[in-house]
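The opening residue of the sequence shown carries number 120 in the working numbering; numbering runs sequentially from there. Here is the structure we will look at.
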Amino acid sequence: MPSCSGFSCKNRSETKHLKSHGISYHTFPKDVNLKKMWFDATGRPSNWFPTKNSTICSIHFEEKMFQPLKKKRSLFKWAIPKLRLRQIFEKMEIASDNIQMIETPRKRNMRITIARHEQMLKKQRSQIKRLPQKTYRYRKKISNLKDILTDITEQKFVNSDQSAHLENLGVNDLIARYKNTSISNRNIKKKYSPALRAFACTLHFYSPKGYEYVRQKFQTCLPHSRTIKKWYESVDAQPGFTQESFKALTYKARNTDYKLLCNLVVDEMAIMKRIEWDGKKMHEYVDICSKGISGDYLEEAKEVLVFLVTAINAAFKIPVGYFLVAGVTGEQRSNLVKQCLELLHETGIEVTSRTFDGCPANISMAKELGCSLNINNIKTYFHHPITNKQIFIFPDPCHMLKLLRNALEAYCNIYNCG
């Protein structure tokens with residue numbers, strides 16, 4: 120809403136407008152010389168300068184300065200406020216019953232300076248008032264970290280055992296990183312600590328949706344999912360996706376004249392529970408990109424989940440990764456399969472199928488990937504996470520026959536209800 124720029128003139132379009140009071144508001148002219156005359160007429164100090172939205176109300180112009188026969192009240196181009204607005208104000212004060220001393224330029228400038236400092240002081244007090252509120256909200260968020268883990272447990276992102284495991288991994292490092300981010304109001308580029316890396320990888324392994332939920336709550340203090348994918352890679356035969364294998368596949372794809380088609384095999388093998396110390400770190404704990412993080416809160420591994428790539432139109436097979444686990448759900452398997460497919464896509468080979476045995480976790484994994492083994496609505500493929508091409512699933516025939524023989528032995532009779 121426009122207001123009069125005249126010194127001590129309180130006319131505003133909100134309170135005094137053309138319809139009710141016959142007052143109109145006119146912007147400063149574009150002509151430099153004419154604009155200077157208008158500026159002088161406002162009676163404002165020299166450090167003030169009108170903006171494109173600054174206006175002067177019509178009471179400071181003589182009636183002859185307005186163009187007649189115009190639907191919109193307009194001034195002639197030569198129109199100038201007749202008197203300095205400060206002079207008008209001073210004459211009004213002198214003519215009043217309570218005659219006051221006319222303020223000198225020095226007093227006037229002092230009053231303007233005081234008003235400016237009072238405004239600055241008011242703004243600073245408001246900022247000081249907001250700081251404790253910001254601190255309170257920060258403390259409340261930090262104190263509710265356990266509630267966030269409880270929340271993702273209630274939403275069934277993770278179970279209670281996994282939540283207790285996560286609480287012991289990297290909570291303190293996450294709080295410290297969030298505190299630094301809140302103070303500086305920008306993302307911290309400091310390297311992630313090993314404990315926080317273990318926390319991020321483990322939570323992402325348990326539930327990608329739960330990971331994104333916690334990452335959003337803590338203002339992206341946790342790394343992006345693409346970073347997690349890089350952390351899954353390992354060297355020197357450590358648990359994870361092996362970099363040397365992917366480099367070998369990249370070299371093979373570049374030196375082959377045709378497109379390499381491969382099958383991805385995922386299976387777990389039982390291992391003996393045994394914790395060993397090699398002089399530097401403990402081995403045989405559950406290791407999902409933890410890079411040697413150990414402690415009493417970690418569970419002993421009882422299985423190894425292996426990823427193997429077998430060529431379809433060539434003669435080679437190569438293991439591309441393994442993870443030490445103590446039982447893996449279907450959702451966790453599907454997440455690792457997607458990570459593996461993305462890494463294999465970067466090598467240049469094309470995965471067309473996926474083979475697994477008939478354990479319940481693999482059937483659940485197939486459903487998580489988008490397949491359906493319901494006889495009434497069968498769907499034997501899922502889409503590649505990058506290329507969106509179809510990847511077909513093949514339950515291992517030998518294992519499926521073994522399961523069928525075991526079922527026949529247990530029930531003696533099998534009937535075809537179809």
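Virtual Cβ for every residue (Gly too), placed ideally from N, Cα, C. Note that the structure is predicted; figures quoted are calculated from it, not measured.
Short Cβ contact (8 Å threshold) for residue i with residue j
i, j, result
"Ile482", "Thr499", "no"
"Asn382", "Thr471", "yes"
"Val385", "Val456", "yes"
"Pro514", "Gly477", "yes"
"Ile247", "Pro164", "no"
"Thr146", "Ser173", "yes"
"Lys171", "Ile267", "no"
"Ile497", "Arg473", "no"
"Ser124", "Ile175", "yes"
Cβ neighbour criterion (16 or more within 10 Å) applied to residue i
i, result
"Pro251", "exposed"
"Phe318", "buried"
"Asn130", "buried"
"Pro358", "buried"
"Thr134", "exposed"
"Phe168", "exposed"
"Leu492", "exposed"
"Ser245", "exposed"
"Ala485", "buried"
"Thr361", "buried"
"Asn535", "exposed"
"Phe475", "buried"
"Asn217", "Note that Asn217 scores a pLDDT of 46, beneath 50, so its modelled location is shaky and nothing firm can be said."
"Gln281", "buried"
"Cys320", "buried"
Rounded distance between the beta-carbons of residue j and residue i, thought under 8 Å
i, j, result
"Ala160", "Pro200", "4 Å"
"Ala367", "Ile468", "Between Ile468 and Ala367 the Cβ distance is about 11 Å, and since that is not below 8 Å, they are no contact."
"His503", "Leu460", "6 Å"
"Lys348", "Gln458", "5 Å"
"Gly162", "Phe126", "4 Å"
"Pro342", "Tyr311", "6 Å"
Own chain, CB closer than 7 Å to residue i, minus 5 neighbours either side, in chain order
i, result
"Asn454", "Phe324, Pro327"
"Ala372", "Leu379, Thr466, Gly467, Ile468"
"Ala198", "Phe180, Met184"
"Ala480", "Val447, Thr448, Gly449, Arg452"
"Met388", "Glu422, Val423, Val425"
"Asn532", "none"
"Ala529", "none"
Other residues of its chain near residue i: CB distance less than 8 Å, five sequence neighbours each side excluded
i, result
"Gly329", "Ile271, Gln274, Phe276, Val277, Leu322"
"Thr375", "Ala433"
"Tyr377", "Asn432"
"Ala445", "Val405, Glu418, Glu419, Ala420, Lys421, Glu422"
"Ser344", "His323, Pro327, Tyr330, Glu331"
"Ser177", "Gly141, Ile142, Ser143, Tyr144, His145, Phe185, Arg192"
"Lys228", "Here the sequence assigns Asn to residue 228, which means Lys is not the residue at that position. Pro164, listed in sequence order."
Close-in-space but distant-in-sequence residues of the same chain around residue i (CB under 6 Å, 5 per side omitted)
i, result
"Ser364", "Ile437, Val439"
"Lys392", "Glu419, Lys421"
"Pro148", "Lys154"
"Leu463", "Val470"
"Ile390", "Val423"
"Leu520", "none"
"Leu523", "none"
> Are at least three pairs of beta-carbons, each pair with one atom in the segment 146-155 and one in the segment 182-193, less than 8 Å apart?
Replying inline: With a cut-off of 8 Å on Cβ pairs, the segment 146-155 is not in contact with the segment 182-193, counting fewer than three such pairs.
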